[in-house]
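Structure representation (structure tokens):
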């Protein structure tokens, strides 16, 4: 007895992945590498600032009451959160570079359709097309 076809994928053909010219690929790679360098510099600067602020807080904590301590703790957590956010963006750009090497850059990870150039220009490490991203955000 034959198995019925999966109705979710039946009739839907994966989008053919066209090849980019070497010049286009290198232009994308250069833009991603520049973004990676910018983020890395921002991350290093943020870590340097956190270290300096920590040093200042340790030497300037005499006479702090609970409110001062709580404020300093909140500020430290916000700084660490900012650094982690930058680190996550660095990781996204690194993954985009990997997808570029593998030939999957610019194609939606969910539906396989090409991601519009405008979206990639605004968010170079995008993995989803606009439609799939809207569906994801609705959930």
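In UniProt numbering, the protein residues as written are 1 to 139.
Idealized CB from N, CA, C, for every residue including glycine.
As the structure is a computational prediction, the values presented were derived from the model and not from experiment.
Cα-Cα separation between residue i and residue j, rounded to whole angstroms
{"i": "residue 58", "j": "residue 120", "result": "44 Å"}
{"i": "residue 13", "j": "residue 113", "result": "Only weak support is given to the placement of residue 13: the predicted model assigns it a pLDDT of 36, under 50, and the value that follows is read from those uncertain coordinates. Roughly 10 Å separates the two Cα atoms."}
{"i": "residue 132", "j": "residue 39", "result": "26 Å"}
{"i": "residue 123", "j": "residue 87", "result": "16 Å"}
{"i": "residue 44", "j": "residue 116", "result": "32 Å"}
{"i": "residue 153", "j": "residue 75", "result": "The structure shown does not extend to residue 153, since the chain spans only 1 to 139, so no value can be given for it."}
{"i": "residue 89", "j": "residue 108", "result": "19 Å"}
{"i": "residue 72", "j": "residue 26", "result": "45 Å"}
{"i": "residue 30", "j": "residue 106", "result": "15 Å"}
{"i": "residue 103", "j": "residue 128", "result": "15 Å"}
{"i": "residue 125", "j": "residue 85", "result": "14 Å"}
Extent of the continuous alpha helix (DSSP H) to which residue i belongs
{"i": "residue 113", "result": "Run containing residue 113: none; DSSP gives neither H nor E here."}
{"i": "residue 132", "result": "130-138"}
{"i": "residue 125", "result": "Element bounds for residue 125: n/a, residue is neither H nor E."}
{"i": "residue 70", "result": "66-102"}
{"i": "residue 22", "result": "22-59"}
- prompt: Given 8 Å as the limit, is there contact between the region 90-97 and the region 23-41, that is, 3 or more CB pairs closer than that?
  reply: yes
- prompt: Below 8 Å, can you find three or more Cβ-Cβ pairs linking the region 98-117 to the region 70-82?
  reply: no
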